[in-house]
Amino acid sequence: LVAENFDWVHTVGQFKTATRLNEQRAATLSPLQVCIQVNIDQGLNKSGVAPHDVLALARHISSLPRLQLRGLMCIPEPCADFAGALAVHMRVKALMDQLNANGLSLDTLSLGMSGDLEAAVSAGSTLVRVGTAI
Numbered sequence: 019l020v021a022e023n024f025d026w027v028h029t030v031g032q033f034k035t036a037t038r039l040n041e042q043r044a045a046t047l048s049p050l051q052v053c054i055q056v057n058i059d060q061g062l063n064k065s066g067v068a069p070h071d072v073l074a075l076a077r078h079i080s081s082l083p084r085l086q087l088r089g090l091m092c093i094p095e096p097c098a099d100f101a102g103a104l105a106v107h108m109r110v111k112a113l114m115d116q117l118n119a120n121g122l123s124l125d126t127l128s129l130g131m132s133g134d135l136e137a138a139v140s141a142g143s144t145l146v147r148v149g150t151a152i
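In terms of our numbering, the sequence shown is numbered consecutively and its last residue is 152.
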């Protein structure tokens, strides 16, 4: 249903998920816009690919004709202060910069929620998920 009814997916963290989305995306639809979910701080309760595996997954997604890799998404463990949150978000930004240096053209950083959106925006986030602050 996701591949058939949505334009964006921010939570791709496995080769299998990317392949299945590609297979289920109708050829008549525009490519599904995809962000790789990164488990930047290896949180036990968090999903996503480990930072050292991001390049391989990014190359795989880029090879799939019905997906368009746009960037990275991360929901890190909560930090006690702005500086800590900024440091974690900057690690994701640096990872995206590395991917771009390896020939990818990523333009989307999906970082930040209500509690850390200022730090996320300071790190370059282009999409934030505001929920509890509404």
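The C-beta atom is built at its ideal place from N, Cα and C for all residues, glycine as well.
Please read these numbers as outputs of a predicted model, since none were measured by experiment.
Own chain, CB closer than 6 Å to residue i, minus 5 neighbours either side, in chain order
i	result
N40	L82, R84, L85
Residues bridged to residue i (per DSSP)
i	result
L129	C92
V30	I54
L145	S128
CA nearest to the CA of residue i, picked from the options
i	options	result
E95	R88, S65, L124, A119	S65
A45	A101, I58, V56, A21	A21
A68	G149, Q32, M131, A138	Q32
L104	V148, V30, R43, I58	I58
G133	Q51, Q116, L62, I152	I152
Own chain residues within Cβ distance below 8 Å of residue i, not counting five before or after
i	result
S184	Since the displayed the chain opens at 19 and closes at 152, residue 184 lies outside it and no answer follows.
D125	R88, G89, T144
Length-filtered (4 minimum) alpha helix (DSSP H) runs lying within the region 45-124: 72-80, 100-119
contact_flag[the region 99-115, the region 133-143] where n(CB pairs < 8 Å) is 3 or more: Touching, yes.
Sufficient close CB pairs (3 or more, under 8 Å) joining the region 27-43 to the region 66-83: yes
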